[in-house]
Structures are given as C-alpha cells and as structure tokens.
Amino acid sequence: MAPVLSRLLFRRIVQAPFLRTSTGFSFCRNVHSIPFSSVEVEQISGSKPGEVHNLVQGKWIGSSGWNTIVDPLNGEPFIKIAEVNETEIQPFVKSLTKCPKHGLHNPFKSPERYLLYGDVSSKAAGMLSIPKVTDFFARLIQRVSPKSYQQAWAEVNVTVKFLRNFSGDQVRFLARSFAVPGDHLGQQSHGYRWPYGPVAIITPFNFPLEIPLLQVMGALYMGNKPVLKVDSKVSIVMEQMIRLLHHCGLPLEDLDFINCDGKTMNKLLIEGNPSMTLFTGSSRVAEKLAVDLKGRIKLEDAGFDWKVLGPDVREEDYVAWVCDQDAYACSGQKCSAQSILFMHENWSKTSLISKIKDLAERRNLTDLTIGPVLTLTNEMMLDHMNKLLKMPGAKLLFGGEPLKNHSIPAIYGAMKPTAVYLPLEEMMKDENYELVTKEIFGPFQIITEYKSDQLSVVLDALERMHAHLTAAVVSNDPLFLQEVIGNTVNGTTYAGLRARTTGAPQNHWFGPAGDPRGAGIGTPEAIKLDQILATKSTHSESAEYDMGLRSFIDMRSQRGKKSPLVHSRPRIALRNWYNNGDPLVRPLQTLKFRLNIGISIEELCGRKQVGQNRAVISEKWK
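Heads up, the sequence shown is in the UniProt record's numbering, so the first residue is 1 and it goes up one at a time.
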C-alpha cells in the first residue's frame with residue numbers, strides 16, 4: 001500500500017464501521033439481556049452446544065434425531081440441529097396445503113395484515129439496530145460462516161436498512177393496484193398484486209441472515225406462507241432472527257422453518273407442491289429443481305462474475321483495494337465475488353498487481369479476513385489451479401498454497417488468496433473456455449490482459465459465459481462504458497471508477513439477468529416482479545345504479561352544464577335526472593345495467609314509455 005492513500009480510498013476507510021474491539025466482545029454477555037435469544041454466542045461449544053429447532057404451524061418442534069455441526073475453525077462439534085427426515089415431513093406438507101392459493105392476505109382479504117407487516121418491519125429494524133443485538137448477530141454469523149467482523153456487521157446493517165425501507169405504509173404500497181377504463185360505461189379492468197399462497201424458500205450458507213431474511217419478508221409482505229430451509233451449517237442464525245420477528249409481532253403460524261438434508265427437502269417440495277419456490281444456491285441443484293418442480297421456480301444461482309478495467313488509469317490504490325475486496329472478502333464465498341479480471345494493457349504498466357498481492361497477503365485467520373472455505377477442500381481448489389497452470393503462458397501470480405498453523409477441519413478448505421494469470425488467447429480456445437470459467441467458490445481469481453484492439457474478444461468472452469449475476473466496468477471513459485455495458489447482460493453491473501462486483505446494498509436490484517427464471521432481492525421491483533408474487537386482473541362488466549349516476553355526473557361536468565344531481569339520496573337524484581329529460585341519457589339507451597328498483601336503464605330511458613316510466617318510478621320511490 002502506498003504511503004499516501006488515494007482520496008477515494010481514504011474516504012472509504014474513514015467511513016467504514018467500527019472494527020471488532022475488546023469493547024465489542026463485552027456486548028450481551030448475558031443471554032437474558034436479549035429477550036428473544038435462546039443461545040449465548042460466546043458459550044457455544046462442544047461442552048455447551050447450541051440447539052436449532054424447527055417451526056411448523058406455529059410451534060417449535062424437535063425431530064427424532066440430531067445432526068451435529070462442527071466448528072469451522074477448530075472442528076469441535078458445537079451445534080445440534082434437529083433435522084427432519086423423510087418420514088417426518090407430513091406436518092410441513094399439511095401446513096403448506098392448508099394455505100389457500102389466494103394467500104393469507106390480499107387486497108380483498110384481511111388487508112389490515114399489510115399494516116401489521118409494516119409494524120413488524122419497523123419494530124424488527126429498531127431491535128436489530130440496538131448495538132448489543134447487532135453485535136449478537138454479527139458474532140453469531142462469524143461463528144458459523146467465518147468472515148471479518150466488519151463483513152458480518154455490514155450484513156446485519158443491510159438487513160436493518162431493508163426492514164426500515166418496508167416499514168409503515170411501504171408494505172401496502174407494494175400491493176398498489178391499477179385500473180384501465182373499459183369500452184363502455186360500467187366496464188373497467190383492475191390489476192391487483194396477488195400472492196401465490198404456499199411457497200418455499202431455500203437459501204445458502206454464505207449470508208446466513210441477509211439472504212433468507214430479505215426473501216422471507218418479501219414473501220410474507222404479500223400474503224404468502226413460506227416454508228424456509230437454510231443451509232444447516234448456518235441455520236442457527238435465521239432461527240434466532242425468526243425468534244426476534246415473533247418478539248416483534250410476527251404471527252407464529254405465518255412462517256414454517258425446517259432443518260433437513262437436500263433429499264428430504266426435495267420430497268417436501270414434491271408432496272407439498274408449493275405454488276412457487278425461490279432457490280438461491282448452486283446451478284447444479286437449481287437445474288434439478290427446475291425439472292422436478294415443472295418450472296414453478298425462481299433462481300438466484302451461482303455467477304462467474306467479471307471485472308473489466310478500461311484504458312484510463314486512475315486512482316490505482318483505490319482500484320487495487322476494491323479488487324482485493326471483491327475477490328477475497330469472506331474468503332471469496334460470495335455469489336458476486338470477482339472471478340476474473342480483464343486488465344487493459346495500460347494497467348499492466350502500473351503496479352496494480354503487486355498492490356493487489358500485498359493487500360491479499362495481509363489477510364489472516366486472526367481477524368478472519370481469510371478463513372475456511374465451506375464447500376471446497378484444498379485438494380479440489382489445488383486440482384483446479386494445476387489444470388489451469390498447464391495452459392501455455394499461464395503463471396501463478398500469488399497464493400496457491402494452503403493456510404498454515406490452523407485447526408480448520410479437513411472437510412473444509414483453507415487456502416491463501418490466489419490469482420492465476422492466463423493469456424486471453426488461451427482462455428478463448430474451445431477446449432479451455434469451460435475450465436477457465438468454472439466458478440470456484442473460494443479465494444481464487446483469474447487475471448488476464450487485453451489490448452485496445454482486443455476489446456471485441458473480451459466482449460465475446462463475456463457473451464459466452466452462462467451465468468450473468470454481477471459485473472464491474474472500471475472506467476470513466478463514457479465511450480468505453482457505453483461499448484461494454486451495451487454489449488453485456490449481467491443483472492447487476494457497476495460502472496465507473498469506483499465500480500465493484502460485491503457489496504450490494506439494499507437500495508438497488510441484485511439478481512441475475514438473461515434467464516426468465518432469474519430472481520432478484522432487496523427492492524420493491526424484486527418483490528413485485530421476480531420473487532414470490534403474482535398479478536391478478538379483474539374485469540368488471542356490471543354496476544349498480546349508484547356507479548352509473550356517478551359516471552353520468554362526470555359526463556355532464558365535462559360538457560360544462562350544471563348537473564341536476566344535487567341530492568345526496570340516489571333515488572331523488574335519479575328522479576331529478578330523469579324528469580329533467582336531458583338528451584345525455586341517449587347514450588345509455590343500449591346499456592343493460594339493472595337498477596335496484598327493478599327497471600333497466602333501457603326501459604327507463606325509452607322515449608315511447610315516458611309517462612309509464614315516470615309513473616313506475618313514482619310508485620317505486622314514494
């Protein structure tokens with residue numbers, strides 16, 4: 001790192017949240033200071049394991065057996081999971097089938113529940129923002145998905161902001177409807193935001209709080225009843241969050257929570273037949289579920305995420321810092337992590353790579369800026385790296401070794417931050433491309449270089465990728481930005497000198513593009529369009545007399561005439577309207593609306609029956 005940080009990097013550091021300190025550890029030593037909690041973070045151990053239960057039909061339950069989770073830092077069994085097996089899923093199936101397809105609430109059914117969820121969000125945001133509660137969740141995240149305290153704190157902070165965004169009236173604003181005028185008086189089309197009813201949500205390990213909470217709340221806001229499955233390695237975090245939500249007023253029966261293996265969950269989805277399933281995780285599992293569920297699924301699956309450095313070289317320190325964060329924060333276990341860096345030749349002439357290397361080598365287990373890889377072993381990552389290094393021109397830039405002096409169990413990986421250089425020409429060969437673009441969910445990235453006249457080759461490489469989640473175009477050159485953005489498809493693309501691939505906040509869409517099954521997260525658009533919500537259209541072809549009168553008042557007003565409809569009582573208004581003999585009744589002669597008095601407007605307005613109609617009206621409305 002240069003002795004004088006760039007202006008942008010300095011600003012970023014100054015504004016960063018506080019880091020873990022001895023004061024931070026003093027928060028919530030006593031579980032009783034947090035009313036909803038059933039565990040003490042610092043005491044979870046082999047001698048005092050934490051326990052995770054299931055929630056179904058409003059009751060916390062266990063199971064016939066326990067699955068033990070080992071501490072990812074030392075291998076000690078420290079959490080017991082009440083995992084449901086295939087013979088125990090019937091209460092969850094019954095709970096799903098009990099929920100009607102029209103949901104627990106909708107614009108015509110129990111609309112007060114929109115306000116209820118606005119209140120729940122407000123209270124939950126308030127409680128989660130209390131320092132000792134924030135610290136409780138940040139440290140609990142660290143115990144099961146090791147990452148730096150700053151990264152864990154940021155996950156909690158994003159969750160708080162999301163809940164604030166959907167407090168008060170914002171939940172019912174999500175259900176905003178629309179209307180379209182029809183072909184004639186009394187005809188109108190209305191569109192309403194409608195729930196799916198019973199739904200399922202499956203989430204991964206890498207964001208134990210943010211991903212499941214945002215997705216579950218989006219489902220609940222709109223009247224769905226979700227069953228939630230979180231990766232068992234980290235499900236204790238969401239169990240505690242559900243207890244917090246109950247404390248803040250979430251109805252106990254609105255949400256089910258299940259701990260089980262993949263095979264059992266697959267059976268639950270088949271038998272429970274939810275109207276929609278939202279899956280976040282690996283592409284392999286996503287494709288299987290898409291077939292099993294006959295397409296009733298939304299996906300936020302893996303991404304091989306790219307960053308392109310443009311020809312304008314500026315703020316070298318800051319760009320190096322962002323590259324390090326994107327590739328290696330959370331040990332590279334983000335679906336948005338930087339997988340490949342396309343570096344313009346102008347950047348090759350700088351010390352960018354050496355600065356990224358210096359930053360990466362500062363990461364250590366002490367502060368968890370590097371940590372265990374929960375889905376890959378060292379052997380798997382090293383095998384992939386060695387295959388890449390066999391390509392002509394390939395070289396190891398840094399890393400490529402297991403971490404030393406640790407007690408991380410062998411079932412998890414423990415690698416130094418690693419970067420491999422590959423020539424662009426070798427990468428683009430048909431026999432190499434699939435291997436090069438294989439996502440490694442760990443601290444691993446590929447770096448390549450391109451010349452100005454090779455931008456089309458880079459764009460071709462981006463076009464051939466099959467997963468289009470996040471991307472970054474690092475440049476302030478408007479023509480370069482236009483060229484790259486206009487020829488790529490990633491769902492979340494950051495552009496400009498500060499562009500990154502990770503760190504998505506709650507204030508913009510985050511999700512893939514290029515796949516009609518793609519789901520987003522974090523925004524009203526994600527909830528309304530791409531998550532667990534349908535649109536219902538109703539078409540009205542009939543109306544009571546009061547609606548017709550109001551429409552007629554509007555017509556007269558537009559003609560600049562003084563309306564005779566001055567009475568509040570409809571029968572008097574209609575009698576005055578008819579007795580006035582206004583020619584504006586003629587357009588209504590062909591309508592078949594039936595009045596409450598038992599006379600059609602056509603009968604009422606027929607000129608040949610004027611006297612008779614007046615007599616009938618007088619008799620009916622004396």
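We put the beta carbon where it would ideally sit given N, CA and C, even for glycine.
On a predicted model such as this, the values are computed, not experimentally measured, just so you know.
Same chain only: Cβ atoms within 7 Å of residue i, ignoring 5 sequence neighbours per side
| i | result |
| --- | --- |
| Ser148 | Asp367, Leu368 and Thr369 |
| Ala499 | Ala472, Val473 and Val474 |
| Gln142 | Tyr149, Ala152 and Leu368 |
| Ser283 | Asp301, Ala302 and Ala467 |
| Asn378 | Pro402, Gly413, Ala414 and Met415 |
| Ala2 | In this predicted model, Ala2 has a pLDDT of only 45, less than 50, meaning its place in the structure is not dependable enough to derive any value. |
| Gln558 | Residue confidence is low: Gln558 scores 39 on pLDDT, short of 50, so the model does not pin down where it sits. No coordinate-derived value is stated. |
| Asp207 | Checking the sequence shown, residue 207 turns out to be Phe, not Asp. Answer for Phe207: Glu155, listed in chain order. |
| Asn507 | none |
| Gly514 | His468 and Val489 |
| Leu293 | Leu269 and Thr277 |
Reduced DSSP secondary structure (H/G/I, E/B, other) of residue i
| i | result |
| --- | --- |
| Ser568 | Because Ser568 carries a pLDDT of 43, less than 50, the predicted location of this residue cannot be relied on, and the following value inherits that uncertainty. Of the three classes helix, strand and coil, the one that applies to Ser568 here is coil, per DSSP. |
| Phe441 | coil |
| Val474 | strand |
| Pro49 | coil |
| Tyr196 | coil |
| Leu341 | strand |
| Gln333 | coil |
| Tyr318 | helix |
| Met428 | coil |
| Tyr161 | With the sequence shown as reference, residue 161 is identified as Lys, and Tyr is not the correct amino acid for it. Note: Lys161 maps to helix in three-state DSSP. |
| Tyr421 | strand |
| Ala414 | coil |
| Gln151 | helix |
| Lys101 | coil |
| residue 623 | The structure shown does not extend to residue 623, since the chain is modelled only from 1 through 622, so no value can be given for it. |
| Pro107 | coil |
| Lys404 | coil |
| Leu397 | strand |
| Val39 | coil |
| Phe166 | coil |
| Phe178 | strand |
| Pro91 | helix |
| Val84 | coil |
| Leu55 | strand |
| Pro77 | strand |
| Val70 | strand |
| Ile211 | helix |
| Ile44 | coil |
| Ile61 | strand |
6 Å Cβ shell around residue i - same chain, five flanking residues per side excluded
| i | result |
| --- | --- |
| Ser50 | Note on identity: in this sequence residue 50 is Gly, with Ser being the wrong assignment. Same-chain partners within the cutoff: Val39, Ile44, Ile79 and Ile236. |
| Ala154 | none |
| Ile202 | Lys229 and Phe279 |
| Lys357 | Phe398 |
| Val458 | Phe342 and Tyr450 |
| Ile89 | Leu268 |
| Asp460 | none |
Cutoff 8 Å; reference residue i; Cβ partners in own chain excluding five residues on either side
| i | result |
| --- | --- |
| Gly332 | Val373, Pro417, Ile440, Phe441, Gly442, Pro443, Phe444 and Gln445 |
| Val84 | Asn54, Ser63, Phe92, Ile258, Asn259, Cys260 and Thr264 |
| Gly511 | Glu300, Leu469, Gly491, Thr492, Gly518, Ala519, Gly520, Ile521, Ala526 and Asp530 |
| Gly295 | Arg517 |
| Ile211 | Thr203, Pro204, Thr280 and Ile521 |
| Thr448 | Ile340, Leu341, Phe342, Met343, Tyr421, Leu422, Pro423, Leu424 and Met427 |
| Phe178 | His190 and Gly191 |
| Glu86 | Lys263, Thr264 and Lys267 |
Nearest-angstrom beta carbon gap, residue j and residue i [assumed within contact, 8 Å]
| i | j | result |
| --- | --- | --- |
| Trp509 | Gly520 | 5 Å |
| Pro465 | Phe304 | The residue asked about is misnamed: residue 465 is Met in this sequence, not Pro. Correct: roughly 6 Å between the Cβ atoms. |
| Leu462 | Thr488 | 5 Å |
| Gly400 | Met385 | 6 Å |
| Gly218 | Gly168 | Gly218 to Gly168, Cβ: 17 Å. No contact. |
| Leu365 | His406 | 6 Å |
| Thr159 | Leu213 | 5 Å |
Cβ of residue i within 8 Å of any chain B Cβ
| i | result |
| --- | --- |
| Gly399 | No chain B is part of this structure, which consists of one protein chain only. |
Taking one C-beta from the segment 244 to 257 and one from the segment 51 to 58 each time, how about it: are there three or more such pairs within less than 8 Å? yes
Runs of beta strand (DSSP E) lying entirely within the segment 224 to 311, each at least 3 residues, in chain order: 225 to 230, 256 to 258, 276 to 281, 297 to 301 and 305 to 309
Does the segment 258 to 267 touch the segment 309 to 325, meaning 3 or more C-beta pairs lie closer than 8 Å? no
Is the segment 124 to 132 close to the segment 163 to 180, with three or more CB pairs under 8 Å? yes
Between the segment 384 to 393 and the segment 222 to 230, are three or more C-beta pairs nearer than 8 Å? no
Touch test, the segment 189 to 197 against the segment 242 to 250, Cβ-Cβ under 8 Å, three pairs minimum: no
Which runs of the alpha helix (DSSP H) spanning at least 4 residues fall entirely within the segment 335 to 390, listed in chain order? 345 to 348, 352 to 361 and 378 to 389
Please go through the segment 440 to 523 and give each complete alpha helix (DSSP H) segment of 4 or more residues, from N-terminal end onward. 455 to 464 and 478 to 486
Counting beta carbon pairs with one atom in the segment 305 to 315 and one in the segment 344 to 361, are three or more of them shorter than 8 Å? yes
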